[in-house]
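A quick write-up on the structure given underneath.
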Amino acid sequence: VGGGGYPRWRADGRELYYVDGLGNLVAIVQRSVRRLLAYSAIAHAGYVLLAVMAADQQGIIALVYYTITYGLTVIGAFGVVSVVEDTAGRDDIAAFAGLSRRAPFLSLCMLVFLLSLAGIPPLAGFFGKFYLFSAGLGSGAPNLRLLWLVVLAVGMSAVSLYYYLQVLKQIYVVDMPAKGDKLPIPVLHQCIVGLLASVVIVFGIAPNLLIGPLKAATAGPDHQHVTNSSSQMRAVSADFLHSPGRVAVQ
Numbered sequence: 053v054g055g056g057g058y059p060r061w062r063a064d065g066r067e068l069y070y071v072d073g074l075g076n077l078v079a080i081v082q083r084s085v086r087r088l089l090a091y092s093a094i095a096h097a098g099y100v101l102l103a104v105m106a107a108d109q110q111g112i113i114a115l116v117y118y119t120i121t122y123g124l125t126v127i128g129a130f131g132v133v134s135v136v137e138d139t140a141g142r143d144d145i146a147a148f149a150g151l152s153r154r155a156p157f158l159s160l161c162m163l164v165f166l167l168s169l170a171g172i173p174p175l176a177g178f179f180g181k182f183y184l185f186s187a188g189l190g191s192g193a194p195n196l197r198l199l200w201l202v203v204l205a206v207g208m209s210a211v212s213l214y215y216y217l218q219v220l221k222q223i224y225v226v227d228m229p230a231k232g233d234k235l236p237i238p239v240l241h242q243c244i245v246g247l248l249a250s251v252v253i254v255f256g257i258a259p260n261l262l263i264g265p266l267k268a269a270t271a272g273p274d275h276q277h278v279t280n281s282s283s284q285m286r287a288v289s290a291d292f293l294h295s296p297g298r299v300a301v302q
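Taking our numbering, the leading residue of the sequence shown gets 53, the next gets one more, and so forth.
Set out below in C-alpha cells:
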C-alpha cells in the first residue's frame, strides 16, 4: 500500500489496449444488437481509462462528462432495442430491417444514439471523446507516453463506426419485411426515448451546460482536496507508464 493508504498499481498502459481492442473487435462479429452494445461498452470503458491515467482535474471532468453522456445514450439505445425485440421476438441486426418505415421517430432516436456512441459531431459522444483524448494529451510531460494510447483510441473509434453503421444500414437502407407493419409503440416509451435523444443532442451542441457545473464543482471549497487527489493519481499514473509488464500492490 502506498502513501496515504492508497493501493498503488503498476502497469504500462496495455490494459487500455486490451480492453479497447477486445471490446471493439468482438462487437464487430455480433449479430445481436444487444450484445453488440454490451461489447462496445467494454471499449468505452477503455476510453474512460485515458481520463483515469491522465490523473488530473481535466481528466476528472472529462471522465464525469463522458460517463453521464454515455450512460444516457446507451440507455436510450437499449430502449429502442427492447421495442424491436418485443415486437419481432429477436434482437439480431436483421430484425431492424426497414425500421425507419415502421417506426420513423424511434429510428431517428436510434440514429442519434449510435452516431453519438461512434463519436460523430455535434453529438455528446463526440465531445465526450474529445475531452477524454484532450485529457490524455494534455496531462503533462510525465505522461507523454499516453500519446500512443490516444492514437489507439482514435483508431478503435473508427472501428466502432463500422459496426454502428451496420445497424443503421438495416434501419434506413434495407427494405422492411413483406409483412412489416408500423410498430405499436406506447406514447410514454416514445417520450422517454425522445427525451434521452434530445439530451444527447443538447449536451453535444452546448457541452458547457454540463462542463460548466463540473468545473465549478472542482473549483469550489473542495478544490484543494481535488488537487491533492489528482496529484496522488498522477503519481500512480506515472507508475502505470514506467513499470512495464507488472501489476502489483505495494
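In this text, a Cβ means the ideal position worked out from N, Cα and C, and glycines have one as well.
Computed from a predicted model, the values in this text were never measured in an experiment.
Would you check if there are 3 or more beta carbon pairs closer than 8 Å linking the segment 136–149 to the segment 104–118?
no
Best match in 219, 208, 251 and 257 for proximity to residue 87 [C-alpha to C-alpha]:
On the sequence shown, residue 87 is found 35 positions in, with the first residue counted as 1. Looking at the Cα atoms, 219 is the closest of the given residues.
Am I right that residue 251 and residue 124 are in contact with their C-beta atoms under 8 Å? What's the rounded C-beta distance?
Working through the sequence shown from its first residue, we reach residue 251 at position 199. Working through the sequence shown from its first residue, we reach residue 124 at position 72. Right, their Cβ atoms sit about 6 Å apart.
Round the Cβ separation of residue 188 and residue 106 to the nearest angstrom and send it over; I've been treating them as touching at under 8 Å.
By 1-based counting over the sequence shown, the position of residue 188 is 136. By 1-based counting over the sequence shown, the position of residue 106 is 54. About 5 Å separates the two Cβ atoms, so the contact holds.
Since residue 127 contacts residue 215 with CB under 8 Å, what's their CB separation in whole angstroms?
The residue labelled residue 127 in the question sits at position 75 within the sequence shown. The residue labelled residue 215 in the question sits at position 163 within the sequence shown. Their Cβ separation, rounded to whole angstroms, is 19 Å, which puts residue 127 and residue 215 out of contact at 8 Å.
Pick from 143, 72, 93 and 155: whose alpha carbon is nearest that of residue 241?
In the sequence shown, counting from the first residue as 1, residue 241 sits at position 189. The shortest C-alpha separation from residue 241 is found at 155.
Kindly indicate which three-state DSSP category residue 138 falls into: helix, strand or coil?
On the sequence shown, position 86 is the one that residue 138 refers to. Three-state DSSP puts residue 138 in a helix.
Once you ignore the five residues that flank residue 255 on each side, which residues in its own chain have a CB closer than 7 Å to its CB?
On the sequence shown, residue 255 is found 203 positions in, with the first residue counted as 1. For residue 255, where only same-chain residues beyond five positions count, the Cβ hits under 7 Å are 121, 176, 261 and 262.
If you follow the alpha helix (DSSP H) that residue 153 is part of, which residue opens it and which one closes it?
Position 101 of the sequence shown, counted from the start, is the residue given in the question as residue 153. First-last of the alpha helix (DSSP H) with residue 153: 151–154.
Quick check: what's the CA-CA separation for residue 164 versus residue 108?
Start at 1 with the first residue of the sequence shown, and residue 164 comes out as number 112. Start at 1 with the first residue of the sequence shown, and residue 108 comes out as number 56. Roughly 31 Å between the two C-alpha positions.
Provide the residue span of the alpha helix (DSSP H) that contains residue 245, from first to last.
Taking the first residue of the sequence shown as position 1, residue 245 is located at position 193. 239–257 is the extent of the alpha helix (DSSP H) around residue 245.
When burial is assigned at 16 or more other CB atoms within 10 Å of the CB, is residue 276 buried or exposed?
The residue you call residue 276 lines up with position 224 of the sequence shown. Any reading at residue 276 must be qualified, since the residue scores a pLDDT of 49, below 50, and its modelled position is unreliable; the value itself is stated next. Exposed, by the Cβ-count rule.
Is the separation between the beta-carbon of residue 101 and that of residue 170 shorter than 8 Å?
On the sequence shown, residue 101 is found 49 positions in, with the first residue counted as 1. On the sequence shown, residue 170 is found 118 positions in, with the first residue counted as 1. In this structure, residue 170 does not lie closer than 8 Å to residue 101 by Cβ.
Cα-Cα separation, residue 292 to residue 248
Sequence index remark: in the sequence shown, residue 292 carries index 240 (1-based). Sequence index remark: in the sequence shown, residue 248 carries index 196 (1-based). Its pLDDT being 45, under 50, residue 292 is placed unreliably by the model, and the measurement read from it follows with that caveat. Taking the straight line joining both Cα atoms gives about 36 Å.
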